[in-house]
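In UniProt numbering, the protein residues as written are 1 to 92.
From the three backbone atoms N, C-alpha and C, an ideal C-beta is built for every residue, glycine too.
For reference, the structure is listed below as C-alpha cells.
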C-alpha cells in the first residue's frame, strides 16, 4: 500500500497545508477539491474530489498545526484521523 508523508515543518499557513496534501497525494479530482476539512472528510469517507486512493497518510512535524486556529486545526485533523475508516492517517 502506498504511504504519503506530508512534512508540516515548513508550513506558514493553511494554504501551505492544502497545497502539500494535493501535491503529495495527487488525488483524483484535485481541481475540484475544496481545500478544507469538509472536503477532506468527503474525499476520505466517500471518495469525493481529493480522494488519494488506498493509502496511508502520515503527517509529520505537526507541532506547527497546533498553533493554527487556537489548536482547532490540529484537533479537527486528529478527529478525521480517528474517524476515518477508509484511510489510515497518522500524525507524528
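With DSSP collapsed to three states, give me the class of residue i.
i           : result
residue 35  : coil
residue 3   : strand
residue 149 : In the structure displayed, the chain extends from 1 to 92; residue 149 sits before or after that span and is not available.
residue 51  : coil
residue 78  : helix
Roughly how many angstroms lie between the CA atoms of residue i and residue j, to the nearest whole one?
i          : j          : result
residue 71 : residue 24 : 24 angstroms
residue 50 : residue 73 : 18 angstroms
residue 87 : residue 26 : 15 angstroms
residue 9  : residue 68 : 13 angstroms
Find out if the Cβ-Cβ distance for the pair residue i, residue j is shorter than 9 angstroms.
i          : j          : result
residue 65 : residue 89 : no
residue 30 : residue 22 : yes
residue 44 : residue 80 : yes
What are the residues that DSSP puts in a beta bridge with residue i?
i          : result
residue 89 : 57
I'd like to know if residue i contacts chain C, where contact means its C-beta is closer than 9 angstroms to some C-beta of that chain.
i         : result
residue 4 : Of the protein chains in this structure there is only one, and it is not chain C.
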